[in-house]
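Asker: Sharing a structure, written as structure tokens. Questions coming.
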Amino acid sequence: MRKKAPTSQDVARLAGVSQSTVSYVLTGSRPISEATRARVEDAIEKLGYHPNSGARTLRSQRSGVIGLMVPEAESDDGVLMAFIGAIAREARRYGYDILLVTAQEGAQGIRRVVRTGVCEALILMELGRHDERVAPVIDSGLPFVTIGKPDEFPQGSVVDLDFEMLGGMIVERAVEEQCDRLLLFGEPGRKRSRNDVSRFLAGVEDAASEVDLEVVLDAVPLADVPDQALRLTLPNQRTALFGITGVRQVLFAMAATGALVDDTRLFIALSGEDLVDVSPLLASVPQLDPRRIEISELAVQELVRLLQVEGAGPRVTLVEPRWLEG
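Converting from the sequence shown to our numbering requires adding 4 to each position, the first position being numbered 1.
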């Protein structure tokens, strides 16, 4: 016979409190002492109790559901799944479930989700510099966090990588490695409308203006990037290569042709995985960690703060990139 699922009454009995107190702990609708909250949460953990989300919504107008608007997946988007997985795990740690909404739905998708009343807060990924989704989110009155920093602060919290700092770090490393130019691949000029690319380019351009380093915004296909770097490099010169997108394609193209050990070209990688684990050939590649897991976890933590701390206001949190030396 199937074991009967535990109920809130079972939780109340084990914790030695009333059933209404269990409800207050779950919904946050009334202040509860830390000692009582700890007893109830301990009973929930021991029993493996999972409150019915529909019942919670009817009782308290809280669903325990966070809407997560994700961008359209690209061909190499293990990156997107890393964000989604980390956000979902961290949300569960705080007792929230995730509802995925695709960015293709745009502002209309936000309005549709808000109308259902299912979500009590929202996380928006890959925010544009001027993003149509912000207005309906503000109109909804729901707390929200954006992964991506728009040009204007949007009345919600921001958690993202410090892309301006990333740009400066790339220029500094290129100069340290005695490079004459920095080739930025992946069509950064065409993608300047993206908030991450625009902030990164601002950081690069500011840093490069203080040093003797030529910056080239490349628009050739990714497969042609290694040869393009070679064409640009004059005798006794060195070219650094870096891209926010297309990193794996160019990296493997260079590894396959032996270009990674060619001293005229220096590849600098932005990668969330240890490249040595991918291939020993990549051990010499200077690598920057975009800290995707930390950013995902911070986004959830910030949203929980907005939901649970009385008077909590929006704020901007920018996470510093860091070097992972092989």
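Cβ atoms here follow ideal geometry from the backbone N, Cα and C, with glycine treated the same way.
Tell me the DSSP secondary structure of Ser-332 in three-state form.
Answerer: Here the chain covers residues 5 to 330 and nothing more, so residue 332 does not appear.
Asker: So, with DSSP's three-state summary, where would you put Thr-25?
Answerer: Looking at Thr-25 - three-state DSSP - the assignment turns out to be helix.
Asker: Return the bridge partner residues of Ile-48 from the DSSP annotation.
Answerer: According to DSSP, which records beta bridges pairwise, Ile-48 is partnered with nothing at all.
Asker: Buried or exposed: which applies to Asn-199, given that a residue is buried once 16 or more other Cβ atoms fall within 10 Å of its Cβ?
Answerer: Buried: at least 16 other Cβ atoms inside 10 Å.
Asker: With three or more C-beta pairs closer than 8 Å as the rule, is the segment 296-303 touching the segment 247-262?
Answerer: Counting Cβ pairs under 8 Å, fewer than three are found: no touch.
Asker: Taking the alpha-carbon positions, what's the Phe-167 to Lys-50 distance?
Answerer: Cα to Cα, Phe-167 sits roughly 43 Å from Lys-50.
Asker: Quick check: what's the CA-CA separation for Lys-195 versus Glu-109?
Answerer: When rounded, the distance between both Cα atoms is 21 Å.
Asker: Under a three-way DSSP split, which group does Ser-288 fall into?
Answerer: DSSP places Ser-288 in coil when its eight states are reduced to three.
Asker: Pick from Ala-9, Leu-146, Gly-82: whose alpha carbon is nearest that of Ile-48?
Answerer: With distances taken between Cα atoms, Ile-48 lies closest to Ala-9.
Asker: Ignore the nearest five residues each way along the sequence and tell me which others in Arg-6's own chain have a CB closer than 8 Å to its CB.
Answerer: With a pLDDT of 49 at Arg-6, under the threshold of 50, the modelled position of this residue cannot be trusted; read the value that follows with caution. Within the same chain, Arg-6 has no close Cβ partners at all.
Asker: Would you mind working out which of Pro-147, Val-224, Val-320, Ala-86 sits nearest Val-313, comparing C-alpha positions?
Answerer: For Val-313, the nearest C-alpha among the options comes from Pro-147.
Asker: Count the C-beta pairs between the segment 207-224 and the segment 184-194 that are closer than 8 Å, then say yes if the count reaches three, no if not.
Answerer: These segments touch.
Asker: Helix, strand or coil: which one does DSSP assign to Gln-312?
Answerer: Three-state result, Gln-312: helix.
Asker: Return helix, strand or coil for Asp-184, following the three-state DSSP convention.
Answerer: Asp-184: coil per DSSP, three-state reduction.
Asker: Rounded to the nearest angstrom, what separates Asn-240 and Ala-90 at their Cα positions?
Answerer: Asn-240 and Ala-90: Cα-Cα distance of roughly 45 Å.
Asker: Let's test the definition: count the other Cβ atoms within 10 Å of the Cβ of Pro-192 and tell me whether it reaches 16, buried, or not, exposed.
Answerer: Pro-192 should be labelled buried.
Asker: Looking at Leu-131 and Gly-152, is the spacing between their C-beta atoms short of 7 Å?
Answerer: Yes, the pair counts as a contact, with Cβ atoms nearer than the cut-off.
Asker: How is Glu-94 classed by DSSP in three states: helix, strand or coil?
Answerer: Helix.
Asker: Would DSSP call Ala-223 helix, strand or coil?
Answerer: Correct three-state label for Ala-223: coil.
Asker: Determine the extent of the alpha helix (DSSP H) in which Leu-234 is found, giving its start and end residues.
Answerer: Start and end: 229-236.
Asker: Once the 5 residues before and after Ala-316 are set aside, which same chain residues still bring their CB inside 7 Å of it?
Answerer: If we look at Ala-316 and ignore the five residues flanking it on each side, its Cβ neighbours are Arg-309, Leu-310.
Asker: In three-state terms, what does DSSP make of Leu-18?
Answerer: Of the three classes helix, strand and coil, the one that applies to Leu-18 here is helix, per DSSP.
Asker: Hey, quick one: how far does the alpha helix (DSSP H) through Val-117 stretch, first residue to last?
Answerer: Per DSSP, Val-117 belongs to the alpha helix (DSSP H) from 110-120.
Asker: Do Ala-259 and Leu-279 have their CB atoms nearer than 7 Å?
Answerer: Not closer than 7 Å, so no.
Asker: Starting from Ser-197, trace the alpha helix (DSSP H) both ways and give me its first and last residue.
Answerer: No alpha helix (DSSP H) holds Ser-197; DSSP gives it neither H nor E.
Asker: For Glu-136 versus Leu-270, is the C-beta distance shorter than 7 Å?
Answerer: Taking 7 Å as the Cβ cut-off, Glu-136 and Leu-270 do not qualify as a contacting pair.
Asker: Can the beta-carbon of Gly-69 be found closer than 7 Å to that of Leu-103?
Answerer: This sequence places Val at residue 69; Gly is not what is there. The answer is yes: Cβ separation under 7 Å.
Asker: If contacts are defined as beta-carbon pairs under 8 Å, then Val-175 and Val-208 qualify, I think. What distance do you get, rounded to the angstrom?
Answerer: Sure, about 6 Å apart at Cβ, within 8 Å.
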